Every structure is written in C-alpha cells, then in structure tokens.
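If you're matching them up, the sequences are chains A, B and C in order. Using my numbering, read the first sequence as starting at 7 and increasing by one per residue. Using my numbering, read the second sequence as starting at 7 and increasing by one per residue. Using my numbering, read the third sequence as starting at 47 and increasing by one per residue. Structure first, commentary second.
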Amino acid sequence: MKSADGAKRWLLVGIALAVVASYFTPQFNRYYLGIAIDCGINIILAVSLNLINGHTGQFSLGHAGFMAVGGYTAAKFSLVFEAMVPDSLKPLLFVAALTLGGLIAALAGLGVGVPSLRLKGDYLAIVTLGFGEIIRVVVQNMESVGAASGLKNIPKWTTLGWTFALAAITIYAVASLVNSTYGRGFIAVSDDEVAASSMGINPVRYKVTAFVTGAFFAGIAGGLYAHHKQFLSPTGFDFLKSIDIVVMVILGGMGRTAGVVIAAIILTLLPEFLRQFADYRMIIYSLLIIGLMMARPQGLFTLSFKKKGAASV
Amino acid sequence: MSADILELNQATIRFGGLTAVSELSLRIGSNELIGLIGPNGAGKTTAFNLITGVYQPTDGEIKFAGKPTAGTKPHDLTKVGIARTFQNIRLFGSLSVFDNVRVATQLHRSQGILDALWRGKGFRSAEKEVERQVLELLDIFDLGKLRDEEAKSLPYGDQRRLEIVRALATKPKLLLLDEPAAGMNPTEKEELMHLIKFIRDKFNIAIMLVEHDMKVVMGICQRIYVLEYGIKIAEGTPDDIQSNPKVIAAYLGTE
Amino acid sequence: MEWFLQQLINGLALGSIYALIALGYTMVYGVLRFINFAHSDVLMLGAFSAYYVAPAIEKVLPLPSVLGALVIILISTLICAGIGMLIEFLAYRPLRNRPKLTVLITAIGVSLFIEFTCQHKSVFGADTKPFPQLLPATDFHVLGLIISSNDLLVVFITAILLTALWFIVQRTKMGTAMRAVSFNQQAAALMGVNINKIISFTFGLGSALAAIAGILYALKAPGIEPLMGVQPGLRAFVAAVLGGIGNLPGAALGGLLLGLLETFAGGISGLSNYRDGIAFAILILILLFKPAGLLGKATIEKV
Numbered sequence: 007m008k009s010a011d012g013a014k015r016w017l018l019v020g021i022a023l024a025v026v027a028s029y030f031t032p033q034f035n036r037y038y039l040g041i042a043i044d045c046g047i048n049i050i051l052a053v054s055l056n057l058i059n060g061h062t063g064q065f066s067l068g069h070a071g072f073m074a075v076g077g078y079t080a081a082k083f084s085l086v087f088e089a090m091v092p093d094s095l096k097p098l099l100f101v102a103a104l105t106l107g108g109l110i111a112a113l114a115g116l117g118v119g120v121p122s123l124r125l126k127g128d129y130l131a132i133v134t135l136g137f138g139e140i141i142r143v144v145v146q147n148m149e150s151v152g153a154a155s156g157l158k159n160i161p162k163w164t165t166l167g168w169t170f171a172l173a174a175i176t177i178y179a180v181a182s183l184v185n186s187t188y189g190r191g192f193i194a195v196s197d198d199e200v201a202a203s204s205m206g207i208n209p210v211r212y213k214v215t216a217f218v219t220g221a222f223f224a225g226i227a228g229g230l231y232a233h234h235k236q237f238l239s240p241t242g243f244d245f246l247k248s249i250d251i252v253v254m255v256i257l258g259g260m261g262r263t264a265g266v267v268i269a270a271i272i273l274t275l276l277p278e279f280l281r282q283f284a285d286y287r288m289i290i291y292s293l294l295i296i297g298l299m300m301a302r303p304q305g306l307f308t309l310s311f312k313k314k315g316a317a318s319v
Numbered sequence: 007m008s009a010d011i012l013e014l015n016q017a018t019i020r021f022g023g024l025t026a027v028s029e030l031s032l033r034i035g036s037n038e039l040i041g042l043i044g045p046n047g048a049g050k051t052t053a054f055n056l057i058t059g060v061y062q063p064t065d066g067e068i069k070f071a072g073k074p075t076a077g078t079k080p081h082d083l084t085k086v087g088i089a090r091t092f093q094n095i096r097l098f099g100s101l102s103v104f105d106n107v108r109v110a111t112q113l114h115r116s117q118g119i120l121d122a123l124w125r126g127k128g129f130r131s132a133e134k135e136v137e138r139q140v141l142e143l144l145d146i147f148d149l150g151k152l153r154d155e156e157a158k159s160l161p162y163g164d165q166r167r168l169e170i171v172r173a174l175a176t177k178p179k180l181l182l183l184d185e186p187a188a189g190m191n192p193t194e195k196e197e198l199m200h201l202i203k204f205i206r207d208k209f210n211i212a213i214m215l216v217e218h219d220m221k222v223v224m225g226i227c228q229r230i231y232v233l234e235y236g237i238k239i240a241e242g243t244p245d246d247i248q249s250n251p252k253v254i255a256a257y258l259g260t261e
Numbered sequence: 047m048e049w050f051l052q053q054l055i056n057g058l059a060l061g062s063i064y065a066l067i068a069l070g071y072t073m074v075y076g077v078l079r080f081i082n083f084a085h086s087d088v089l090m091l092g093a094f095s096a097y098y099v100a101p102a103i104e105k106v107l108p109l110p111s112v113l114g115a116l117v118i119i120l121i122s123t124l125i126c127a128g129i130g131m132l133i134e135f136l137a138y139r140p141l142r143n144r145p146k147l148t149v150l151i152t153a154i155g156v157s158l159f160i161e162f163t164c165q166h167k168s169v170f171g172a173d174t175k176p177f178p179q180l181l182p183a184t185d186f187h188v189l190g191l192i193i194s195s196n197d198l199l200v201v202f203i204t205a206i207l208l209t210a211l212w213f214i215v216q217r218t219k220m221g222t223a224m225r226a227v228s229f230n231q232q233a234a235a236l237m238g239v240n241i242n243k244i245i246s247f248t249f250g251l252g253s254a255l256a257a258i259a260g261i262l263y264a265l266k267a268p269g270i271e272p273l274m275g276v277q278p279g280l281r282a283f284v285a286a287v288l289g290g291i292g293n294l295p296g297a298a299l300g301g302l303l304l305g306l307l308e309t310f311a312g313g314i315s316g317l318s319n320y321r322d323g324i325a326f327a328i329l330i331l332i333l334l335f336k337p338a339g340l341l342g343k344a345t346i347e348k349v
C-alpha cells in the first residue's frame with residue numbers, strides 16, 4: 007500500500023533515466039547498444055508474460071505470437087505512412103505504430119483468451135502454442151507483409167530511450183495492477199479459482215484481462231523489436247521464442263517482478279557470453295532449462311522472504 | 007419472522023445415475039441460524055454447492071431474496087449476498103491475511119484496471135477506505151496482528167477464522183459455513199459457537215451451517231434440517247430433531 | 047470422385063502415422079498426466095536409427111526387402127524403446143511429484159536438448175539426409191487411382207500395431223497394471239503394482255511405436271533431419287487431444303481424423319498453404335465445444 011503512492015514517482019524516475027541514457031547513446035558502442043535494447047525488449051516481454059503465467063497462474067506458450075502480431079502491425083503501419091510524414095513528426099508516428107501494434111495484439115489476446123479460458127493447464131498451454139503456430143502460418147502466407155521472405159527496410163526508430171521508457175511503463179503497469187485491491191484478484195484466481203469465484207471474483211474476466219494486458223505489452227515489444235532489427239521474418243517468432251520468454255519468467259520466479267527483470271537481462275546476455283561456444287550454445291541452453299527445473303523450479307531469485315501486503319516491485 | 011432470504015423448492019441434482027440431492031425443500035429467514043446435518047455422503051456440501059451456484063439443479067428451484075438463481079454464476083451470487091466457507095479450507099495461500107480479506111471487498115467497488123493503472127486521487131482514497139474496512143474486520147476477529155502473515159502459514163484455527171472473515175468481507179446476507187468446527191478441540195468449538203452467534207447478531211445476517219458436531223449444531227441452531235442419501239428426512243427445532251426416530255436411525259442404524 | 051478417393055487413401059496413410067505417434071503421447075499422459083514433448087524427438091531418433099542400422103544390415107541381408115526392413119525396424123524400435131525409458135529415468139523420474147508445469151518445461155528442455163545435440167555437426171548434422179529404400183516400392187493403378195505400396199503398408203502396419211496394443215493393454219497383466227496406474231497411482235501402488243516399472247514400460251512401449259512411426263514417416267518424406275519430428279509430433283499431439291487425451295482409441299481416431307482433414311484441406315487450392323495451421327485451428331475448435339476431446343470424459347470438479 008505504501009509503495010502505491012510512490013509508484014508513479016518511480017515510473018517518472020525510470021523514464022527520466024531512459025531519456026538521459028538516450029542522450030548519451032551516440033557515444034555508445036553499437037554492439038553494446040544493440041544488446042541493451044534487446045535487454046529492454048525482453049524485459050517488456052517477460053514482465054508482461056509474468057502477469058499471465060506468474061500472477062494469474064495461466065500457462066501461455068504463445069507470447070511470441072502476440073509479439074509477432076504487434077511487430078508486424080507496427081512495422082507495416084510505419085512503412086505505409088513513413089513517406090507521408092515530415093521528419094519532425096516521426097516520433098509521433100512511431101508512438102502511433104507501437105500503440106496500434108499493442109492494441110491489435112491485445113485484440114488477438116482477447117481472441118485467444120476468451121475461448122481458451124475454459125481450458126486448464128496443459129490444454130491451455132497447447133492451445134496458446136497452437137495460436138502461435140497459426141499466426142506464423144498466416145504471416146508466412148501474407149504477401150503484404152513479405153510472406154516467408156520477411157518484411158524489410160523497417161525504419162530504425164527504436165532507441166535505448168524509447169525501449170527503457172517503455173520497459174519502465176510495463177513494469178509500473180504490471181506492478182501497480184497487481185498491488186491494487188482489484189489486482190490481488192489475479193493472484194486469488196491463481197491460488198484457488200473456486201474460492202475466488204465464491205468471493206465475487208469473476209475468474210474468466212480476470213484471466214481474459216491478464217491475457218489482453220499481457221498481449222498488449224508483448225505487441226509493443228514486437229513493435230520495438232521491428233524498428234530495432236529493421237527486419238521481420240515469421241521464423242523469428244516461433245515456438246522457441248515463446249519458450250525463451252517462459253524460461254525468463256520461471257528463472258525469475260513466477261510472479262516476482264524484480265526477479266523476472268533480472269532473469270530477462272541474464273538470459274539476453276548469456277548467449278552473448280556463449281558466443282565463442284556458438285556450436286554448443288543451444289545445447290547448453292537446453293541443459294540449463296532442465297537443470298533449472300531439477301534444482302530450482304521456483305526460480306533463481308526467490309529467497310524465502312514473505313510477500314507483504316505491499317509486494318516488493 | 008421476516009421474509010425468507012433463501013428458499014429451495016424441490017431442488018434436485020443428479021450426477022449420472024446418482025441423485026445426490028433429491029427434491030430438497032427448505033427456507034431460511036433473513037436473520038435465522040439454520041443447521042444442515044446428516045451422515046457422511048448425505049449431500050450436505052452438494053446442497054451448498056447448489057445454493058452457491060457451483061452446480062445447477064437438475065430439477066426444482068432455488069430462490070434468493072425472492073429471485074430465482076438458476077443460471078447465475080457463483081461470483082454473481084456472491085454479489086447479491088451469498089458467501090461461504092469450504093469444508094477443506096480454501097484460502098488464497100500465497101496472499102497475506104490482509105490481502106485475503108482485501109480481495110473479497112473488491113466486488114462492491116467500481117475501481118477497475120484503468121483506475122489501478124492511473125492511481126488517481128479517487129482511487130487512492132478508495133484504497134485507503136478498503137484498508138480501513140479490512141483492518142477493522144480483522145480486528146473484530148482478532149486477526150489484526152497477523153495481517154502480514156502468509157495465509158497458508160497460519161495455524162489451522164486461524165485459517166478457519168480467516169475464511170469466515172473473508173466471507174464476511176463480501177457483505178453477505180446469507181453466510182454458509184461448511185463444517186467450521188472440523189478439527190477443532192472442545193475449547194475451540196466453544197469459542198466458535200460464540201463466534202457464530204456473534205456474527206449473526208453483529209452483522210444481522212442469516213447463517214446456514216453444515217456440521218457434524220452435534221453439540222455445536224444443537225447448541226446454536228434455531229432450526230435444523232436432516233439429510234440422508236440426498237433426501238430430507240426431518241426438520242424442526244433441536245429438541246424435535248433429537249427425539250426424531252428417523253434421525254436416530256440414520257445416525258445409529260436400525261436393527 | 048477419383049479425387050475424393052485419392053485424398054482418402056493419402057489421408058488414411060498420413061493419419062495412421064499420426065495415430066501411432068498420438069498413442070505414445072496419450073499413454074504417457076495416462077500414467078503421468080503430462081505432455082511428453084520429447085516424444086516427437088524419439089520419432090526422429092527412430093528414423094535415424096534405421097538410417098544408421100541399414101548399411102550394417104545390408105551386408106547380411108539384401109535391401110530393399112521385407113525381411114531386411116523388418117530386422118531394421120525391430121532393431122530401431124528396441125533402440126528407441128531404450129532411449130524412451132532412459133529419458134524417463136533421467137529427466138522425469140526425479141520430478142515425479144513436482145508441479146505439472148515443472149515437468150512440462152523439463153520435457154520441453156529435453157526435447158530441445160535432443161534436437162540441438164542431434165543438429166550438432168559431430169552427431170547427425172543439421173542437413174537433410176536421403177532415407178534408404180528399405181522396401182521394394184511399387185505403385186498400384188486401380189480405377190484411375192494411384193496407390194503406393196508404402197501407403198498400404200503404413201495402414202496395414204498401423205492396424206496390426208493397434209490390435210497388438212489393444213491386446214497388451216486389455217489382456218495382459220502389464221496392461222492391467224498400466225490401466226490401474228492411470229486410474230489412481232497411489233491406490234495401484236498400495237495394491238502392489240510397481241509404479242516405476244509400469245511407467246518405464248509405458249515409455250518403452252510409446253517410444254517403440256514412435257520409432258516405427260518415424261521410419262514409416264521417413265519412407266514417405268523426401269529425407270530425414272533432426273527437426274523432422276517436430277511437425278508430425280505437434281500434429282499427433284493435437285490428435286491425442288482431439289480424441290481425448292489419455293484415451294487410447296481416442297488417439298487412434300484423432301490421428302486418422304486429423305490425417306484425413308489435413309489431406310483434404312491440403313487438396314483444396316486456397317487452403318493448401320495453410321496446411322500447417324489447420325491442425326491447430328481444428329484443435330481449438332474441438333476444445334471449444336468438447337473440452338475433454340471426442341472420446342474423453344468430462345470431469346466434475348469436486349468442491
């Protein structure tokens with residue numbers, strides 16, 4: 007409760023830092039800059055998936071699908087309107103593209119969420135996995151977004167500032183949602199659905215809200231990714247990408263925002279450190295998943311501290 | 007006696023070939039304390055599940071505050087005033103004591119997702135008000151000092167009490183208690199009896215109790231319904247029930 | 047009409063393979079209640095076993111020949127049954143009583159591990175390899191239809207295996223124990239059933255079926271590579287859910303249905319590009335109307 011009033015202040019501090027960082031960007035090494043932006047995008051993805059998988063206790067294996075929807079929507083939007091807008095208004099166009107991407111992804115989240123919420127556990131996992139695959143197949147056949155050969159020449163608008171400002175907003179949004187009286191309902195649904203509904207909480211509505219909100223931010227992350235890499239291809243959003251995000255959430259400790267942020271950063275940096283073992287990189291990665299599940303399924307960063315009335319952010 | 011808050015007319019539910027509750031009729035006045043007893047498997051909890059909308063009756067009708075409840079989802083029934091506890095305590099284990107109760111207050115609030123994101127002035131004062139109400143409720147039941155404990159780490163008796171408090175936070179007109187005395191020692195049972203009567207009087211609500219412990223049921227209930235194999239075999243005051251040969255046969259068996 | 051019959055035959059052949067794989071998913075789900083993601087990789091390992099065993103066998107027996115093929119299939123099946131049991135022993139057994147989510151992620155990890163290891167250049171390599179001709183193949187031309195002997199063989203072998211499996215599950219002591227474990231693991235253990243042995247056996251049996259399916263699939267496919275199991279594996283999983291996961295006849299039925307639907311949809315010009323998505327679209331539709339699958343039983347949650 008105490009942190010609730012201060013939450014907005016933290017958000018402003020985060021955004022201010024991002025803007026300052028953005029100012030010094032030209033001095034950064036391009037390689038490190040790219041990785042820093044990757045970190046920010048993965049933070050958005052992991053924190054938003056955490057709302058679905060961690061707090062609400064649903065199991066989605068389709069987060070990359072939402073990311074793809076948002077990424078393609080935003081990229082296409084920018085490509086269409088880029089030439090019509092003067093340079094001074096480009097940032098506005100970028101914001102519009104990201105927002106649109108987020109909204110369309112949220113719509114997709116609604117589309118997946120509503121029907122599949124009658125399902126539980128493994129079934130839900132497989133339906134969300136299926137959704138991700140369907141998105142991929144649809145994109146592969148859409149000539150207007152480059153089909154299988156991919157969407158090229160997307161303007162490079164994503165900066166460190168934008169990425170970290172949006173990451174701060176995502177963290178703020180998920181944390182302040184979950185820390186409100188309304189938002190404690192997400193955890194209640196995850197703990198015991200039957201009891202939650204007997205307390206007047208509509209589990210279906212909460213689950214759909216989690217899906218839609220999570221998908222919205224995944225869509226934004228997709229938009230940032232598109233304007234960062236300047237190229238999108240359907241294979242970039244496959245099952246493996248969804249697994250990556252799930253592993254971040256699990257590594258960070260389901261439902262722990264701070265842990266998930268750290269995990270997102272570690273898992274973005276890890277492949278860079280493993281670059282010299284390129285051939286063994288993915289083998290090590292898969293062993294890491296198995297090892298993690300065997301040794302610390304509750305995540306690396308969950309010390310056994312008690313969750314207080316106002317959870318730590 | 008004032009108007010009935012709950013009315014069951016010939017309510018029946020079948021699972022496949024099994025009739026779990028058969029043509030059950032009962033009614034509860036708006037400030038009554040009623041008991042529902044019967045041997046194991048008699049259909050008491052199933053009756054609760056019918057009343058709270060977890061199951062829909064195959065036949066018959068259930069009316070709450072004069073309105074039929076058919077097709078209403080459990081969470082909507084809670085909104086019109088039915089709250090319950092569970093036989094096998096179902097708290098939100100990973101939430102704190104405070105949050106368990108706080109979650110149960112949100113059904114009467116208009117604040118939703120956007121307010122929670124924006125955190126405007128109205129939202130903050132509403133959150134403060136909730137906090138005040140929750141703490142007040144916790145203090146009444148002596149749980150205030152445990153507010154930050156994780157619900158699943160509480161001792162058994164406190165968990166039972168917390169579940170009742172959580173149900174009360176939804177501001178019910180009818181409170182259904184499913185075996186609240188299970189696992190309690192005689193002193194705790196004594197306290198529970200006081201607690202239930204206290205709740206009825208303080209919050210001015212109707213209470214329906216499923217309980218195995220005869221001392222508790224006979225000690226506090228105004229009227230009692232007896233179920234056996236899903237069929238109502240008796241109803242009446244504690245004295246009537248204690249001397250009813252059918253009830254004695256159901257509990258002790260006949261020659 | 048000809049088009050219809052032709053698609054029917056192709057669909058049955060494809061569906062039979064899905065059915066064989068789906069049985070493995072459903073059996074494991076029956077005893078352990080989780081999706082064995084690595085199942086699709088056992089399928090791939092089946093095909094690769096045959097690929098590496100074939101040259102050795104060819105020194106003793108002529109290939110393509112029925113006898114040679116049988117020996118190769120038998121050896122590959124045994125190898126994969128062993129691998130399946132090993133996966134269970136190393137990865138899943140230590141997690142027996144953990145939350146399902148943990149096991150599911152582990153299964154995904156195991157699957158990724160097998161795939162990436164096999165793609166490594168010192169193992170199989172990521173390139174596509176031509177699968178040897180194990181059987182003499184001919185095309186029969188009947189009533190204007192083209193029926194390949196391989197397709198007939200696939201349907202025939204599947205029918206035999208299904209019957210055998212039904213016999214094992216319904217008529218043998220091992221099968222009875224399997225059903226007992228799937229019904230209630232604790233009670234079965236109390237009745238003296240060796241749970242570990244039964245689960246191991248189930249993995250062995252499922253993996254053996256997957257190996258055979260993998261070889262049959264490889265016979266129809268242009269070549270084999272370490273990710274070849276992913277797509278048929280996903281489809282077969284969909285088939286298992288479609289039929290009602292945990293239900294053996296359901297898996298067989300789901301496999302056949304999915305094979306047919308996919309083949310027919312693939313034969314319609316506008317839909318053929320979306321073939322990969324069709325399986326999932328069907329899955330989502332089915333689960334909306336029958337969340338427990340076609341032959342599965344809906345359970346009532348006890349409150």
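For glycine and all other residues, C-beta sits at the position ideal for the given N, C-alpha and C. No experiment lies behind these values; they were computed from the predicted model shown.
Chain-ordered, the chain A residues with CB closer than 8 Å to the CB of C:L158 read L246, I249, M288, Y291, S292, I295. Using a 10 angstroms sphere on the CB of C:T184, the tally of other CB atoms stays under 16, which defines it as exposed.
Neighbourhood of A:A131 in chain C, by CB distance below 9 Å: I81, L147, L150, in chain order. Between the alpha carbons of A:D44 and A:I295 lies a gap of roughly 21 Å. In this structure the region 173-181 of chain A touches the region 52-59 of chain A; the number of beta carbon pairs closer than 8 Å is three or more.
With fewer than 16 neighbouring CB atoms inside 10 Å of its own CB, B:G259 falls in the exposed class.
Contact of C:G316 with chain A by beta-carbon distance below 9 Å is absent, the smallest such distance being about 10 Å. Membership of C:T148 in the alpha helix (DSSP H) is indicated by the continuous run 146-165.
Where C:S62 is concerned, the enclosing alpha helix (DSSP H) starts and stops at 48-78. If you look at B:G41, you'll find it in the beta strand (DSSP E) that goes 39-43. By the CB criterion at 8 Å, C:A59 and C:A297 fall outside the cutoff.
Counting only runs that start and end inside the region 197-261 of chain C, the alpha helix (DSSP H) elements of at least 4 residues fall at 219-229, 231-236. The Cβ-Cβ distance between A:A224 and A:H61 does not fall below 8 Å. Shortest Cα-Cα distance from A:V266 to any of A:F192, A:F237, A:G305 involves A:G305.
In this structure, the beta-carbon distance from C:W49 to C:G313 falls below 8 Å. In the DSSP assignment, A:K162 falls outside any alpha helix (DSSP H), carrying neither H nor E. Assignment of beta-bridge partners to B:Y231 by DSSP yields B:L42, B:E241. For a Cβ distance threshold of 8 Å, nothing in chain A lies close to C:P278: the least Cβ distance comes to about 14 Å. Here B:E135 is exposed, its C-beta having fewer than 16 other C-beta atoms within 10 Å. Ranked by Cα distance from B:I34, the first of B:K69, B:L152, B:I43, B:G23 is B:K69.
For B:T18, the three-state secondary structure derived from DSSP is strand. Short of 6 Å from the beta carbon of B:D219, and not among the five residues preceding or following it, lie these beta carbons of its own chain, in chain order: A187. Judged by DSSP in its simplified three-state form, C:T174 adopts coil rather than helix or strand.
Contact of A:D285 with chain C is assigned, a C-beta pair being separated by under 8 Å. For C:S194, the enclosing beta strand (DSSP E) stretches over residues 191-194. The continuous alpha helix (DSSP H) containing C:D87 extends over residues 85-104. For A:V200, the residues of chain B that pass the 9 Å Cβ criterion are V60, P80, F92, R96, in the order they occur in the chain. Residue-level contact check: A:G127 touches chain C, since one or more beta carbons of chain C fall below 8 Å from its beta carbon. Here the region 103-120 of chain B lies against the region 137-146 of chain B, with 3 or more beta-carbon pairs under 8 Å apart. Using a CB distance cut-off of 8 Å, B:A71 does not count as an interface residue toward chain A. At a cut-off of 8 Å between C-beta atoms, A:A194 counts as an interface residue with respect to chain B.
Per DSSP, reduced to three states, the secondary structure at B:A26 is strand.
Beta-bridge pairing by DSSP links A:D285 to no other residue. For C:Y98, the closest alpha carbon among the candidates C:V284, C:V287, C:I261, C:A285 is that of C:I261. Nearest in C-alpha terms to A:T169, of all of A:F72, A:M300, A:A74, A:A232, is A:A232. Burial of B:G59 is indicated by the presence of at least 16 other C-beta atoms within 10 angstroms of its C-beta.
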